[in-house]
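Report on the structure given below.
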Amino acid sequence: MTILDRDSLIVSTLIEMYPDACCALFFNNPFELLIATILAAQATDKSVNQITPALFSRYPTPADFLTLSQEELEKEIKTIGLYKNKARHILATCKILVEEHGGDVPANREALEALPGVGRKTANVVLSNAFNIPTIAVDTHVFRVSNRLGLADSKDLWKTEQALMEKVPESLWSQLHHCLIFHGRQVCHARKPACDGCQLALHCKMYLGADGSK
DNA sequence: AACTCGGGGCA
DNA sequence: TGCCCAGAGTT
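Just so you know, the first sequence maps onto residues 1 to 214 in full-length UniProt numbering.
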């Protein structure tokens with residue numbers, strides 16, 4: 001079996017395991033996804049989804065957010081955690097969207113990463129899910145799982161991103177990204193992974209032992 | 001590279 | 001109780 005076959009088998013198995021994996025954040029347009037993704041940093045998608053529908057219905061646009069003071073926005077998002085930084089970043093981002101992008105969310109990486117509170121991972125999520133520009137956003141789950149499965153072997157998150165993109169056809173990037181996250185959250189945990197019953201255990205460096213001796 | 005933000009969920 | 005969460009900015 002060539003290395004390529006092994007990778008393909010792992011990827012197709014992942015997609016079979018999580019056929020419905022998709023972006024779990026609530027959003028109706030690029031702006032809502034951008035804000036929801038900023039809120040989701042170090043928070044759960046579930047807790048973000050608990051507050052965003054009502055928030056977006058009252059403040060649908062960047063200009064609407066700018067009518068809020070930072071303290072008012074902090075109060076709106078308090079249950080998410082890290083709310084002071086997030087409120088500050090969101091208001092600064094909305095100001096830039098209004099003043100420099102005509103109230104729209106830019107559809108390119110450079111402009112997205114220039115927004116306060118938006119790093120590479122958030123930019124990738126927006127490009128992929130709101131603008132249908134394929135990316136693989138590498139977060140801790142994607143990083144951990146792809147290293148364990150041998151899809152990437154790197155200590156650098158962005159080299160992992162590059163390795164995954166080279167190994168998998170562009171049409172599957174988004175799906176693979178979501179599958180890796182689902183697997184990382186539901187099975188392949190950082191501390192105590194549920195290897196019993198994991199269909200990928202026999203392809204997993206951690207389960208087999210780093211030297212593959214098991 | 002290390003540190004900080006942070007309330008909620010879950011064992 | 002303790003640990004973790006679909007990170008990013010600052011020093």
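Beta carbons are placed, not taken as given, at the ideal position from N, Cα and C, and that holds for glycine.
Three-state secondary structure (DSSP) of residue i
| i | result |
| --- | --- |
| Ala-107 | coil |
| Ser-146 | helix |
| Glu-83 | Going by the sequence as given, residue 83 is Tyr instead of Glu. If DSSP states are grouped into helix, strand and coil, Tyr-83 belongs with the helices. |
| Val-125 | helix |
| His-203 | helix |
| Asn-29 | coil |
| Arg-191 | coil |
| Thr-52 | helix |
| Ser-69 | coil |
| Ala-137 | coil |
| Cys-94 | helix |
| Val-118 | coil |
Residue i burial status per 10 Å Cβ neighbour count (16 or more: buried)
| i | result |
| --- | --- |
| Thr-44 | exposed |
| Ser-213 | Caution applies to Ser-213, whose pLDDT of 43 falls short of 50 and renders its modelled position unreliable; the value that the coordinates give is listed next. It counts as exposed. |
Residue i versus residue j: straight-line alpha-carbon distance, rounded
| i | j | result |
| --- | --- | --- |
| Thr-37 | Thr-160 | 21 Å |
| Ser-146 | Tyr-18 | 15 Å |
| Asp-153 | Ser-8 | 16 Å |
| Ala-114 | Gly-197 | 43 Å |
| His-177 | Trp-158 | 14 Å |
| Phe-27 | Ala-190 | 28 Å |
| Asn-49 | Leu-25 | 6 Å |
| Met-165 | Leu-149 | 15 Å |
| Pro-193 | Ala-130 | 32 Å |
| Gln-199 | Gly-209 | 16 Å |
| Lys-46 | Thr-79 | 11 Å |
| Leu-39 | Thr-135 | 20 Å |
| Arg-144 | Leu-91 | 32 Å |
| Ala-137 | Thr-67 | 32 Å |
| Ala-111 | Phe-65 | 20 Å |
Supposed contact pair residue j and residue i - C-beta distance, whole angstroms, cut 8 Å
| i | j | result |
| --- | --- | --- |
| Val-11 | Val-168 | 6 Å |
| Val-142 | Leu-33 | Val-142 to Leu-33, Cβ: 18 Å. No contact. |
| Pro-30 | Val-105 | 4 Å |
| Thr-93 | Gly-117 | 6 Å |
| Tyr-83 | Glu-71 | No, Tyr-83 and Glu-71 are not in contact; Cβ-Cβ is about 11 Å, not under 8 Å. |
Residue i: first and last residue of the uninterrupted alpha helix (DSSP H) it sits in
| i | result |
| --- | --- |
| Cys-179 | 173-186 |
| Leu-151 | Per DSSP, Leu-151 belongs to no alpha helix (DSSP H) and is neither H nor E. |
| Leu-164 | 157-167 |
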